[in-house]
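> The sequence shown begins at 5 in this note's numbering and counts up one residue at a time.
Quick reminder that beta carbons are idealized off the backbone N, C-alpha and C, glycines included.
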Amino acid sequence: MTDQMKAVVLARFGGADVFELRDVAVPTVGPRQVRVRVHATALNPLDYQVRRGDYADYVPLPAITGHDISGVIEEVGSNVSEFGVGDEVYYTPQIFGGPGSYAEQHVADVDLVGRKPKNLTHLEAASLTLVGGTVWEALVTRAQLTVGETILIHGGTGGVGTIAIQVAKAMGARVITTAKAGDHEFVRSLGADEVIDYTSTDYVDAVSELTGGQGVDVVFDTIGGDALTRGPLILADFGRVVSIVDIAQPQNLIEAWGKNAAYHFVFTRQNRGKLDALTALVERGLVKPVVGAVLPLARMGEAHELLENRRSYALYGKVAIDVAGDTVALPARIS
Ligand SMILES: NC(=O)c1ccc[n+]([C@@H]2O[C@H](COP(=O)([O-])OP(=O)(O)OC[C@H]3O[C@@H](n4cnc5c(N)ncnc54)[C@H](OP(=O)(O)O)[C@@H]3O)[C@@H](O)[C@H]2O)c1
5 MTDQMKAVVL ARFGGADVFE LRDVAVPTVG PRQVRVRVHA TALNPLDYQV RRGDYADYVP
65 LPAITGHDIS GVIEEVGSNV SEFGVGDEVY YTPQIFGGPG SYAEQHVADV DLVGRKPKNL
125 THLEAASLTL VGGTVWEALV TRAQLTVGET ILIHGGTGGV GTIAIQVAKA MGARVITTAK
185 AGDHEFVRSL GADEVIDYTS TDYVDAVSEL TGGQGVDVVF DTIGGDALTR GPLILADFGR
245 VVSIVDIAQP QNLIEAWGKN AAYHFVFTRQ NRGKLDALTA LVERGLVKPV VGAVLPLARM
305 GEAHELLENR RSYALYGKVA IDVAGDTVAL PARIS
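1. Taking contact to mean 3 or more Cβ pairs, one atom from each stretch, closer than 8 Å, check whether the region 110-118 and the region 270-281 are in contact.
2. Less than 8 Å between the CB atoms is what I'm expecting for residue 23 and residue 304, so what's the real figure, rounded?
3. Let me make sure I understand the geometry here. Which of 19, 11, 13 has the alpha-carbon closest to that of residue 313?
4. Taking the alpha-carbon positions, what's the residue 55 to residue 14 distance?
5. Buried or exposed: which applies to residue 302, given that a residue is buried once 16 or more other Cβ atoms fall within 10 Å of its Cβ?
6. Helix or strand or just coil, what does DSSP make of residue 186?
7. Select from 104, 143, 185 the residue whose C-alpha is nearest the C-alpha of residue 70.
8. Can you tell me whether residue 155 sits near ligand 1, meaning its C-beta is under 7 Å from at least one heavy atom of the ligand?
9. Determine whether the beta carbon atoms of residue 336 and residue 317 lie at a separation below 8 Å.
10. Spatial neighbours of residue 339 within its chain, please: C-beta separation below 8 Å, excluding the five flanking residues on both sides.
11. Smallest Cα separation from residue 134: which of 47, 310, 325?
12. If the criterion is Cβ atoms closer than 8 Å, does the pair residue 182 and residue 202 meet it?
13. Sort 191, 188, 236 by Cα distance to residue 211 and report the nearest one.
14. Please report the Cβ distance between residue 93 and residue 77, rounded to the nearest whole angstrom; I am assuming they are in contact, meaning their Cβ atoms lie under 8 Å.
15. Taking residue 304 as part of the beta strand (DSSP E), name the residues at either end of that continuous run.
16. Report the residue from 138, 30, 194 whose alpha carbon sits nearest the alpha carbon of residue 38.
17. Name the two residues that bound the continuous alpha helix (DSSP H) containing residue 158.
18. I need the DSSP call for residue 126, collapsed to helix, strand or coil.
19. Judging by CA-CA distance, which residue of 58, 98, 72, 123 is the nearest neighbour of residue 4?
20. Please determine, among 218, 140, 252, 285, the residue with the shortest C-alpha to C-alpha distance to residue 272.
21. Count the other CB atoms, across all protein chains shown, that sit within 10 Å of the CB of residue 293; report buried if there are 16 or more and exposed otherwise.
22. Going by DSSP, what residue range makes up the alpha helix (DSSP H) through residue 53?
23. Use the C-beta contact count for residue 251: other C-beta atoms within 10 angstroms, 16 or more gives buried, fewer gives exposed.
24. Could you check the C-alpha separation between residue 197 and residue 35 for me, to the nearest Å?
25. Check whether the Cβ of residue 138 sits closer than 7 Å to any heavy atom of ligand 1, and report yes or no.
26. My parser needs the beta strand (DSSP E) runs of 3 or more residues fully inside the region 18-90; what are they?
27. If residue 298 sits next to residue 332, beta carbons under 8 Å apart, how far is it from one beta carbon to the other, in whole angstroms?
28. Quick one: grab the DSSP three-state call for residue 112.
29. Alpha carbons only, please: which of 100, 97, 107, 112 is nearest the one belonging to residue 329?
30. Please classify residue 97 as buried or exposed, where buried requires at least 16 other C-beta atoms within 10 Å of its C-beta.
31. Would you decide whether residue 242 is buried or exposed? Buried here means 16 or more other CB atoms lie within 10 Å of its CB.
32. Does DSSP put residue 236 in a helix, a strand or coil?
33. May I ask you to report which of helix, strand or coil DSSP gives residue 225?
34. Please state whether DSSP places residue 280 in a helix, a strand or coil.
35. Can you tell me where the beta strand (DSSP E) holding residue 198 begins and where it ends?
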């Protein structure tokens, strides 16, 4: 083992150009931890929110950030029996709890780590951990979506939306999603039954029409804005609204009482159980991560720029980082 590794370090908060590729010390392994050779990571909006300083109180600088890992275990702690050296694993590091995934090696508590699905590449597996865990928490644990129910998933082409569509279909739901007109074929290919062009149509009217005035059982808010306030306008009685977007401004929920609506607010927490459930769906061919762009570790700033300005690109799903290699796959620029 070498005691140095390459890592992308955030030395100050700011734009996509603030990252520095540095040689840093490889972290040591505690008794209930594993050290992982990181093959791939992926980006989430949380990454650029952290980089900009939105969570400055939680991120002491300099920091290694990043929230998705797929790789191979190189060392296990003295009290670890569930994994061994050479095992392929994937996980989300503890958010705001130590070094993240933008590095060649990472040390994690073993309870966070899941066995990587056999039928996924590291780039695909890294693209699933945070968004997949979030979708599981939102649709299964909180909304308790069931067979035959109808769900509206806002933002079907995004990192979360692409997985939510597939998980909701695997659960037997009827899926309505929102996407720009040119993206409808893509979200249908993931399993969406109906698609609303959010740029030209009011989704409240469209959902009413698609459900014969009944409304949907679950609204999955991945976009913020007024989605919480308008949620009850498209809910069936006793419907559920699940939001993963924290908004600092007060929200008017007056319409929710008339529908006996339940609201769930999710900030995803990591554990192996959710990953194991996702692995089962992936290995049965029911869920496949969507990797829309790939860049090597040294081009992290460019990767951030891509995700932050995704509307300027034909970008579907995730921006992944080939940490162990130098793959480059970029989406077309559209504006
Ligand atoms: N609380 C949690 O635990 C948690 C976990 C994961 C993510 N999140 C949050 O969830 C949000 C989505 O994450 P992500 O990874 O999916 O982001 P992403 O990959 O950047 O995708 C964003 C998606 O939202 C769509 N969108 C934007 N405005 C829209 C609108 N008005 N109507 C319909 N669709 C719209 C985009 O579509 P276009 O391509 O058409 O613009 C895109 O599909 C972010 O705010 C993120 O911070 C929270």
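Checking against the coordinates, here is how it stands:
1. yes
2. 5 Å
3. 19
4. 7 Å
5. Exposed, by the Cβ-count rule.
6. helix
7. The candidate whose alpha carbon is nearest that of residue 70 is 104.
8. no
9. yes
10. 315, 316
11. 47
12. yes
13. 236
14. At roughly 6 Å, the Cβ-Cβ gap stays under 8 Å, so residue 93 and residue 77 are in contact.
15. Careful: residue 304 lies outside any beta strand (DSSP E), inside the alpha helix (DSSP H) at 304-312.
16. 30
17. Run containing residue 158: none; DSSP gives neither H nor E here.
18. helix
19. Here the chain covers residues 5 to 339 and nothing more, so residue 4 does not appear.
20. 140
21. buried
22. For residue 53, the uninterrupted alpha helix (DSSP H) segment begins and ends at 49-56.
23. Residue 251 comes out exposed.
24. 48 Å
25. Taking the Cβ of residue 138 as the reference point, at least one heavy atom of ligand 1 falls within a distance shorter than 7 Å.
26. 23-29, 37-46, 73-80
27. Contact flag correct, Cβ pair sits at about 6 Å.
28. strand
29. Cα-wise, what sits closest to residue 329 is 107.
30. By the 10 Å Cβ count, residue 97 comes out buried.
31. exposed
32. helix
33. strand
34. helix
35. Residue 198 -> beta strand (DSSP E) spans 198-200.
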